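Worksheet for the structure shown next.
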Amino acid sequence: MLSYTFTLLTLIASTSAFNVWPRQSNSCPSVWTDVSKELQGAFAGCGRDAHGAIRAPFHDCINNGCDGSLVLTDECSRPENAGLSGICTKLKDWSTKYSVSAADMIQFAAATAIAVCPLGPKVRALVGRKDSSNAAPVGLVPSSRDAVDKILAAFSAKGFSSDDVVALMGTHSVAVQVNDDPSQAGKSLDSTPSKYDTTFYKETKDGTAPYSLQSDKLLSNDTQTASTWSKFGDSQDAWAAKFTDAWNRFAVIGNDVGSLADCSSLIQSGSANKRSAMSMPMGARAYARYHS
Ligand SMILES: *[C@@H]1O[C@H](CO)[C@@H](O)[C@H](O)[C@H]1NC(C)=O
Numbered sequence: 029m030l031s032y033t034f035t036l037l038t039l040i041a042s043t044s045a046f047n048v049w050p051r052q053s054n055s056c057p058s059v060w061t062d063v064s065k066e067l068q069g070a071f072a073g074c075g076r077d078a079h080g081a082i083r084a085p086f087h088d089c090i091n092n093g094c095d096g097s098l099v100l101t102d103e104c105s106r107p108e109n110a111g112l113s114g115i116c117t118k119l120k121d122w123s124t125k126y127s128v129s130a131a132d133m134i135q136f137a138a139a140t141a142i143a144v145c146p147l148g149p150k151v152r153a154l155v156g157r158k159d160s161s162n163a164a165p166v167g168l169v170p171s172s173r174d175a176v177d178k179i180l181a182a183f184s185a186k187g188f189s190s191d192d193v194v195a196l197m198g199t200h201s202v203a204v205q206v207n208d209d210p211s212q213a214g215k216s217l218d219s220t221p222s223k224y225d226t227t228f229y230k231e232t233k234d235g236t237a238p239y240s241l242q243s244d245k246l247l248s249n250d251t252q253t254a255s256t257w258s259k260f261g262d263s264q265d266a267w268a269a270k271f272t273d274a275w276n277r278f279a280v281i282g283n284d285v286g287s288l289a290d291c292s293s294l295i296q297s298g299s300a301n302k303r304s305a306m307s308m309p310m311g312a313r314a315y316a317r318y319h320s
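Here the working numbering is used: the first residue of the sequence shown is 29, the next is one more, and so on.
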């Protein structure tokens, strides 16, 4: 218990340092150019692997920091991480293939997938995280069945505000549920699961999404989060700005940011994606293509 308390305090202390980004003095190791090529191919179309890659960082970082333990220990097979086993195996295999840390692979893959998904913002891609083979304690990953206060507390313990949490839930714009209700497996959390738009916020609030997690429904209507939820539903730009800020801090939880190298230039910018999003058919066809 004592050591756990200490870990949380350490994370809070390092979180407050995120406001000022240290200059990244290390240059991006060349191996990441090859990784980038492979991952862009793997995530093209913003389908299931892209969705999993965007989800994985939450499950690696929220408990004991971004340390690769999600894929290096038994964590990935736990019920709290249900649905991730396929992407966990791929992330681990890629980290082995390219001799990079699993913690970095999890984050670099997510940053790549976010940018590959049409309308996805460009987040920072820092590398140099240290792996840990110590599994996180069970039960620290917030669940879709949790109350709003419990979810906000889990993120607050890592230095994230309620607005940060609402912004980070935007990842559910590119999500299809399988394990939340197996009888409705394959239903997406908004009508455009292959597009990183903010219709997710609107449809969740209005009750028109194909499927909504209980936690998202509660967040969309809680006094602490409802106004920000609506604001993001009305503005892709407002959401993207807050999402990028929150994600960049989330992706380095538990790490010494000053020692990391910046590989952000390898993350494809969204302009080409924006054009393809405009010509992309809505919901149904994209859904059929990736989930049938
Ligand atoms: C939304 O919250 C209000 C109280 O703030 C409550 O009266 C209402 O029933 C809630 N609506 C839903 C759909 O949960």
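Where a beta carbon is used, it is the ideal one built from N, C-alpha and C, also for glycine.
All of these numbers come straight from a predicted model, not from anything done at the bench.
Of the residues the options, the one placed nearest residue i, counting alpha carbons only
i: T199; options: V151, S255, A131; result: V151
i: D265; options: D225, K233, S287, N283; result: D225
i: G148; options: F71, F188, D290; result: F71
i: F260; options: C291, D192, G214, S222; result: D192
i: K178; options: S58, D77, Q252; result: Q252
i: A137; options: C74, I82, A254, N54; result: I82
i: P210; options: P85, A110, N92, A141; result: A110
i: L112; options: T220, N207, T272; result: N207
i: P221; options: N162, N54, G75, S58; result: G75
i: S190; options: S248, S161, N162, K233; result: S248
Cβ pair residue i, residue j closer than 7 Å
i: L288; j: L154; result: yes
i: K270; j: P238; result: no
i: V176; j: W257; result: no
i: G96; j: A139; result: no
i: N283; j: R157; result: yes
i: L180; j: A274; result: no
i: S201; j: F228; result: yes
i: S129; j: D159; result: yes
i: A182; j: N92; result: no
Cutoff 8 Å; reference residue i; Cβ partners in own chain excluding five residues on either side
i: P242; result: Note on identity: in this sequence residue 242 is Gln, with Pro being the wrong assignment. Excluding positions up to five away in sequence, the list reads S172, R173.
i: S293; result: C56
i: L246; result: A175, V176
i: Q212; result: Q205, Y239
i: S299; result: The pLDDT assigned to S299 is 42, lower than 50, so where the model puts this residue is not dependable, and the model offers no usable value.
i: S263; result: T226
i: K125; result: none
Cutoff 6 Å; reference residue i; Cβ partners in own chain excluding five residues on either side
i: A203; result: H79, L217
i: C116; result: V99, C104
i: W60; result: C291, L294
i: E231; result: D218, A237
i: A268; result: P149
i: A41; result: The pLDDT assigned to A41 is 40, lower than 50, so where the model puts this residue is not dependable, and the model offers no usable value.
i: K118; result: none
i: W122; result: M133
i: D250; result: V176
i: G235; result: none
i: G73; result: none
i: S58; result: none
i: N54; result: A289
Whole-angstrom C-beta distance between residue j and residue i, which should lie under 8 Å
i: V144; j: Q296; result: 7 Å
i: D88; j: C94; result: 6 Å
i: I281; j: V169; result: That pair is no contact at about 13 Å.
i: K65; j: P146; result: The pair is not a contact, with the Cβ atoms about 20 Å apart (cut-off 8 Å).
i: P85; j: Q52; result: Rounded, the Cβ-Cβ distance is 19 Å, inconsistent with contact.
i: E108; j: G167; result: 7 Å
Own chain partners of residue i with C-beta closer than 7 Å, once the 5 adjacent residues on each side are dropped
i: A141; result: F71, A78, A81, I82
i: T272; result: P149, V151
i: G114; result: G80
For this session: Would you mind listing the beta strand (DSSP E) stretches within the stretch 87-163 that are 3+ residues and don't spill past its ends, in chain order?
Result: As for any beta strand (DSSP E) of minimum length 3 sitting wholly inside the stretch 87-163, there is none.
For this session: Any chance you could list the alpha helix (DSSP H) runs of at least 4 consecutive residues sitting entirely within the stretch 181-221, in chain order?
Result: With a minimum length of 4 residues, the continuous alpha helix (DSSP H) runs that stay inside the stretch 181-221 are 190-196.
Problem set entry | Within the stretch 223-248, ranges of the alpha helix (DSSP H) (whole runs, at least 4 residues) | Unbroken alpha helix (DSSP H) stretches of 4 residues or longer found wholly inside the stretch 223-248: 227-234, given in chain order.
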